[in-house]
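Engineer: Numbered according to the working numbering, the sequence shown terminates at residue 1010, and the numbering increases by one at each position without gaps.
Here it is: the structure, laid out below.
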Amino acid sequence: MGRWLTVCGILGLVIAGLVFLAVGLPQSGGGGDPESSDPAPNAPAPRQAKAAQRSQPAATSGPSVEIHNLPGVRGPLVIPGCRLVVMDRQEVPALRDGQLLFIATEPEPGEEIPENRTVEVEMRYLVTRVKPGEEVPASEIITVPNMAGVKYRRIKEGETVDAADLEIITQRQRLRRLAVGDRVKEGQLLALVDPRVAFDDLGIKKARVIASRADHEAAEMTAAEALSRYERQMKLYNSPGGRATPLEEVTGAKLTWDRYRFEAISKRQAITLGVHELKQAQTLLEMHAIRSKINGVIKAIYKNRGDAVKNLDPVLLIQDPDRLRVEGLVEVQHARYLEPGMEAVVEPSKPEKPELVLRGHMQEVTSVAVSPAKDALILSGSEDRTVRIWDRAEGKQLYTLRGFPAAVRAVACTADGDRSLGMAGVADGSVWLLRGFDRATPPVLQQLNGRHRGPVTCAAFSPEGTLLATGGEDHLIRLWDAASGELLNTSPAEQGHRGAVTSLHFASNTELVSAGRGDNAVLVWKLGPGAALSRIAEFPRRSGDVANLGVSPDGKRVLFDQGKDLQVLSLQTGQIEGVLQNASPAMHFSTMALFAPKDGKVILTASAAENRLQLYRAPTATLRAAEIRQLVWPAAPATCGAFAPNGQFLVTGMRDLTVLVWQMPDPKEVDQELKARITLVDRSLDSSTRQVRIAAELTNPGYLLPGDTATLVIEPKK
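What follows is the structure, encoded as C-alpha cells:
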C-alpha cells in the first residue's frame, strides 16, 4: 500500500510540473483579463495611447520585426577643403630690350575711355593699301592725312605683304591704361617697347628689297641683251658665206651672256634674301609689341610706363579664370577606387554679404519674422522690450512698439493674407497680437487673456492663420484663436516636453511639431476638436544644439540635429531622407535650421564656429544636400532667422543688435550641380599624411574665384 501511494505521489508531481510548464506562472497583482484591469495612475488614456502608436512599439513577449523594403544607399566620396586653381596663366614678357612707352591697350570700337585711364601716344603703324574689291571692316581702316580717297588697313601680326605695298604711317592715338583686374584677349596689345630703331631697320630692309628688284630687273635686261648679241654672233659664225666673225667673238659673247645670266640669278636670290630680311625686320618690329597669348584677367603689373626692360623680363601676369582645376587630397584607402576620366561634382563655397543692415535696437535681437503682405514688412523683437517693424524696400524703420512689460522673446506672422497679423511673446509669459498693419498703417496691439508661467520662447501661426501656437519655458504649448485672441487649449503636461519648448512649426492645420530643451526631443502633436493637443510621435535623442528646427512646407519632413550632422527625417515614418554635413569637422550646427517656404529647396543653418550662416540645398531623390551660400557677418553670431513667405529674401537677427537682410540664390543654381572631370589621381603617397593628390578640371560658370575652396564629391567605381 505504501509503495502504491509513493507511485501516485510521483505521478501527481509529474502532472503538476507539466501543467506548470504549459500554463506558466500566474500574473502578479491578481488574476483576470489584463486588458480589463485598471490602468496605472500615470498611464496614458486609451485615445492617447492609440495616438502614440506611431512612435511606440507594440508590447510583445520578445523582439519584433519591422519590414521596410528600403533600398540601401552607397555614399559618395566627399573631399572637403579642395583648392580652386587657375589652369592657364602667363607671365607676359618683353621680347626686346628697350624702354616701355606705355602699358595700355587700344579701346574697342565705340568704347568710352575714362579720363583717368586715358593715355595719348604717338603710334607708328605698318599699313598697306586696300585693294579693289577687298572687304575690310570699318574699324580696321586707317585714314592717312593728305591722302584723300586712298584707304589703308593695318597689317596683321604675321601677315606677309609685298615690300612695294608696305607703308609706315604715324598717328596720335588714345589708349586705355591697363589696370589689375582688366580682362584681356589673346593677341591683344598690352604694352609697347620703343620700336623706333626697329621701324628704321624695317625701312632699310624695304628699300633694300626694292633696290634688289631694280638690280634684278637691270640684270635680266642686260642678260637678255647679252643673249641677243651672242645669238647674232652665232648666226654670223654659222653663215653660209663662211665664218663672218671670228670664233673669239663668239666665245666672248657667250661668256658675256653667261656672266649676266648668272648675275640675274644672283640678283633674284638677293631679292629673296631681301624679302626674308624684311620679314625678319617685321617680326622683330612686332616683338616690340607686348601681347597676351591667352584670354584672361590681369593679376599683376610688374613694370611702369618709362621703365627699361630687357629681353624676357616679365611685364604682366595674366590668369584665365574660365578654366579651373580643383585640387585636393584623398585618403589612400579611397584612391584606388578613383581614376582619371571619372565625373565629379564641385560644391564651391560662395560667401555672400548682407543686402541690408538694419540698426535701431538697443539690446540683443531675439526673434524675427516677415509679414506675408505685398509690403513684406520685417518684425524684430529684442531684449530692449520693443518690437520694431522695418520696410525692406526703403531700408528704414517704420514703427517701434514700446511698453512691453519685459523682453520680447518671440515674434511671428501669419503665412498668408492681405493684411498682416503678427504676435509678440514676452519674457513675463504674456502674449500680444499685432493686428492690421502695413506700410501705411501701424499695428493695433491686443494682449491675450491668459499667459505662460514663464517666458514665451517660440510661436507659430497655422497655415490658414486661424490658430496661434506659443511655447514657453514652462514646458507647455498653448493654442489661441487668432481672430478672438481666446486661449483654446494647453498641451497635456504628461505628454509634453521635460524642458523649455524652443521651436514650434505647423506641419498642417491639424499637426504641430515642437522641439524642446532638456529632453532633446522632437514631438508631433495632433489637433483634435476644440484644439485639443495629443502627442502622436516622438523623435528622441537629438543633440539639442539647434534650438529652432524647421518643418518642410509640405509638412512631411522635419530637421533633426545630431551634432556635426543635420538629418532630414520623415514625419510619417521617422526614416532619414537626407543628411546635411558641415565641411569642417570643428563646426557643429547651432541656433536654427529652417526650410525655405514655397518649395523647401533651401535650408538656412547656423554654425557655432566663425559666426557662420549657411544656405544648403535640401536633399532630394537625385541631388545630395550641399552648401550653396555662406552668409558672412563676422561681427557677431546670429540669434534667430526667418524667410519671407514669398521666398524672395531672408532675415536674421544678430547678437550685435543688428537685423540683416539677405538675398536668396537663383533657383537655377539650387537645382543644378557643377560637374568636373577627374584628370589626376596621383600614384605616389605622402608618407606623412597617408593621402594621395587628386585633381579635376571644369569650366568656370562665372562665379568661382581662383584660390577659393570647394568640396569635391565623387561616386567611386564599384
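Ideal placement from N, C-alpha and C gives every residue a C-beta, glycine not left out.
1) Are the Cβ atoms of Asp846 and Ala885 separated by less than 8 Å?
2) Mapping DSSP to helix, strand and coil, what is Arg339?
3) Starting from the C-beta of Ala636, find all residues in its chain whose C-beta is less than 8 Å away, skip the five residues before and the five after it, and write them out in chain order.
4) Is the CB-CB distance between Val723 and Val748 below 8 Å?
5) Hey, quick one: how far does the beta strand (DSSP E) through Lys818 stretch, first residue to last?
6) How should Asn874 be labelled, buried or exposed, when 16 other C-beta atoms within 10 angstroms of its C-beta is the threshold for buried?
7) Would you report the Cα separation of Ile395 and Gln611, rounded to the nearest angstrom?
8) Does the distance from the C-beta atom of Asn781 to that of Ala732 stay below 8 Å?
9) Give me the DSSP bridge partner(s) of Ser806.
10) Which whole-angstrom value is the C-beta distance of Arg651 and Thr950, which I expect to be below 8 Å?
11) Are Lys595 and Val472 close, meaning C-beta to C-beta below 8 Å?
12) Enumerate, from N- to C-terminal direction, the unbroken alpha helix (DSSP H) stretches of 4 or more residues contained entirely within the region 588-660.
13) Alpha carbons only, please: which of Glu869, Leu481, Gly836 is nearest the one belonging to Ile586?
14) For Ser783, which residues from the same chain have a beta carbon less than 6 Å from its beta carbon, with the 5 sequence-adjacent residues on both sides left out?
15) Please check if any C-beta of chain B sits within less than 8 Å of the C-beta of Asp614.
16) Answer yes if the region 797-806 comes into contact with the region 750-763, meaning at least three C-beta pairs across the two stretches below 8 Å, and no otherwise.
17) With a threshold of 7 Å, establish whether the CB of Ala968 neighbours any heavy atom of the ligand MG.
18) Output yes or no for whether 8 Å exceeds the beta carbon distance between Leu577 and Leu494.
19) I'd like to check one pair, Gly390 with Val601: are the Cβ atoms closer than 8 Å?
20) Out of Ile405, Met715, Gln382, Ile868, point me to the one whose CA is closest to Leu609's CA.
21) State the start and end residues of the unbroken alpha helix (DSSP H) segment that holds Pro998.
22) Quick one: what does DSSP say Lys967 is sitting in, helix, strand or coil?
23) With a threshold of 6 Å on Cβ separation, who are the neighbours of Ile461 within its own chain once the five nearest residues in sequence on each side are excluded?
24) Give me, in chain order, the residues of the same chain whose beta-carbon lies closer than 7 Å to that of Val850; leave out the 5 immediate sequence neighbours on both sides.
25) Of all the options Asn603, Arg560, Leu519, which has the alpha carbon lying nearest to the alpha carbon of Ala581?
26) Quick check on Ile502: does DSSP put it in helix, strand or coil?
27) Got a sec? Which residues, its chain only, sit under 6 Å from Leu972 by beta carbon, not counting five neighbours each side?
28) Which class does Val700 belong to by DSSP, given the choice of helix, strand or coil?
29) If you drop the 5 nearest sequence neighbours on each side, which residues of the same chain put their C-beta closer than 7 Å to that of Ala917?
30) Measuring alpha carbon to alpha carbon, tell me which of His568, Gln465, Pro368 ends up nearest Thr410.
31) Suppose you measure from the CA of Ser776 to the CA of Gln739; what does that come to, to the nearest Å?
32) For a quick check, are the C-beta atoms of Ala562 and Ser520 less than 8 Å apart?
33) Could you tell me whether the region 931-940 touches the region 658-677, using the rule of 3 or more Cβ pairs below 8 Å?
34) Could you name the residues of the same chain whose beta carbon sits closer than 8 Å to that of Glu412, not counting the 5 residues immediately before and after it, in chain order?
35) For Trp724, does the three-state DSSP call read helix, strand or coil?
36) Looking only at its chain, what residues have a beta carbon closer than 7 Å to the beta carbon of Val422, apart from the 5 residues adjacent to it on each side?
Structural biologist: The short version:
1) Here residue 846 refers to the residue found at position 554 of the sequence shown. Here residue 885 refers to the residue found at position 593 of the sequence shown. Cβ distance not < 8 Å, so Asp846 and Ala885 don't count as in contact.
2) Taking the sequence shown and counting its residues from 1, the one referred to as residue 339 is at position 47. Residue confidence for Arg339 is low, a pLDDT of 34 falling below 50, so the modelled location carries little weight; the figure read from the coordinates is stated next. Looking at Arg339 - three-state DSSP - the assignment turns out to be helix.
3) Your numbering for residue 636 matches position 344 in the sequence shown. Same-chain partners within the cutoff: Val618, Lys967, Ala968, Arg969, Ile970, Ala988, Leu1004, Val1005, Ile1006.
4) To locate residue 723, count along the sequence shown from 1; it is residue 431. To locate residue 748, count along the sequence shown from 1; it is residue 456. It is a contact, given that the beta carbons lie within the stated cut-off.
5) What you label residue 818 is simply residue 526 of the sequence shown in a count that begins at 1. Residues 814-819.
6) Residue mapping note: residue 874 aligns to position 582 of the sequence shown, counting from 1. Asn874 is buried by the Cβ-count criterion.
7) Numbered from 1 along the sequence shown, position 103 holds the residue referred to as residue 395. Numbered from 1 along the sequence shown, position 319 holds the residue referred to as residue 611. Rounded to the nearest angstrom, the two C-alpha atoms are 17 Å apart.
8) Along the sequence shown, read from residue 1 onward, the residue named residue 781 stands at position 489. Along the sequence shown, read from residue 1 onward, the residue named residue 732 stands at position 440. Not in contact: Asn781 and Ala732 (Cβ atoms no closer than 8 Å).
9) Residue 806 sits at position 514 when you count from the first residue of the sequence shown. DSSP, once it has assigned bridges, lists Leu796, Leu815 as partnering Ser806.
10) Position 359 of the sequence shown, counting from 1, holds the residue named residue 651. Position 658 of the sequence shown, counting from 1, holds the residue named residue 950. The Cβ separation is near 6 Å, so the contact holds.
11) Here residue 595 refers to the residue found at position 303 of the sequence shown. Here residue 472 refers to the residue found at position 180 of the sequence shown. Taking 8 Å as the Cβ cut-off, Lys595 and Val472 do not qualify as a contacting pair.
12) 624-627
13) Along the sequence shown, read from residue 1 onward, the residue named residue 586 stands at position 294. The shortest C-alpha separation from Ile586 is found at Leu481.
14) As a working mapping, residue 783 is identified with position 491 in the sequence shown. Take Ser783, set aside five residues on each side of it, and the residues of its chain with a beta-carbon closer than 6 Å to its own are Leu768, Ile769, Leu825, in chain order.
15) Looking for chain B here will not work: only one protein chain is present.
16) yes
17) Here there are no bound small molecules, and the ligand MG is not part of this structure.
18) Translated into the one-based positions of the sequence shown, residue 577 becomes position 285. Translated into the one-based positions of the sequence shown, residue 494 becomes position 202. Taking 8 Å as the Cβ cut-off, Leu577 and Leu494 qualify as a contacting pair.
19) By one-based count along the sequence shown, residue 601 stands at place 309. By one-based count along the sequence shown, residue 390 stands at place 98. Taking 8 Å as the Cβ cut-off, Val601 and Gly390 qualify as a contacting pair.
20) The residue you call residue 609 lines up with position 317 of the sequence shown. Ranking Ile405, Met715, Gln382, Ile868 by Cα distance to Leu609 puts Gln382 first.
21) Within the sequence shown, residue 998 is the residue found at index 706, counting from 1. That residue, Pro998, is in no alpha helix (DSSP H); it is neither H nor E in DSSP.
22) Here residue 967 refers to the residue found at position 675 when the sequence shown is read from its first residue. Looking at Lys967 - three-state DSSP - the assignment turns out to be strand.
23) Within the sequence shown, the letter at position 169 stands for residue 461. Result list for Ile461: Tyr417, Val419, Val436, in chain order.
24) On the sequence shown, position 558 is the one that residue 850 refers to. Result list for Val850: Val805, Val814, Leu841, Val843, Leu861, Leu863, in chain order.
25) The residue labelled residue 581 in the question sits at position 289 within the sequence shown. Closest option to Ala581, Cα to Cα, is Asn603.
26) As a first step, residue 502 is located in the sequence shown; it is residue number 210 there, counting from the start. Residue state, collapsed to three classes: helix.
27) As a working mapping, residue 972 is identified with position 680 in the sequence shown. Within the same chain, Leu972 has close Cβ partners Ala987.
28) Along the sequence shown, one-based indexing puts residue 700 at 408. Here Val700 sits in strand by DSSP.
29) Along the sequence shown, read from residue 1 onward, the residue named residue 917 stands at position 625. Within the same chain, and ignoring the five residues on either side of Ala917 in sequence, the residues whose Cβ sits closer than 7 Å to its Cβ are Gly870, Val871, Leu872, Tyr908, Arg909, Ala910, Pro911.
30) Indexing the sequence shown from 1 puts residue 410 at position 118. When each option's Cα is compared against that of Thr410, the closest is Gln465.
31) The residue you call residue 776 lines up with position 484 of the sequence shown. The residue you call residue 739 lines up with position 447 of the sequence shown. The alpha-carbon atoms of Ser776 and Gln739 are separated by roughly 11 Å.
32) Here residue 562 corresponds to residue number 270 of the sequence shown, with the count starting at 1. Here residue 520 corresponds to residue number 228 of the sequence shown, with the count starting at 1. It is not a contact, given that the beta carbons lie outside the stated cut-off.
33) yes
34) Taking the first residue of the sequence shown as position 1, residue 412 is located at position 120. Contacts found: Arg464, Gln465, Arg466, Leu467.
35) For this step, residue 724 is matched to residue 432 along the sequence shown. Three-state DSSP puts Trp724 in a strand.
36) As a working note, residue 422 is residue 130 in the sequence shown. Only Val428, Lys443, Tyr444, Arg445 meet the Cβ criterion.
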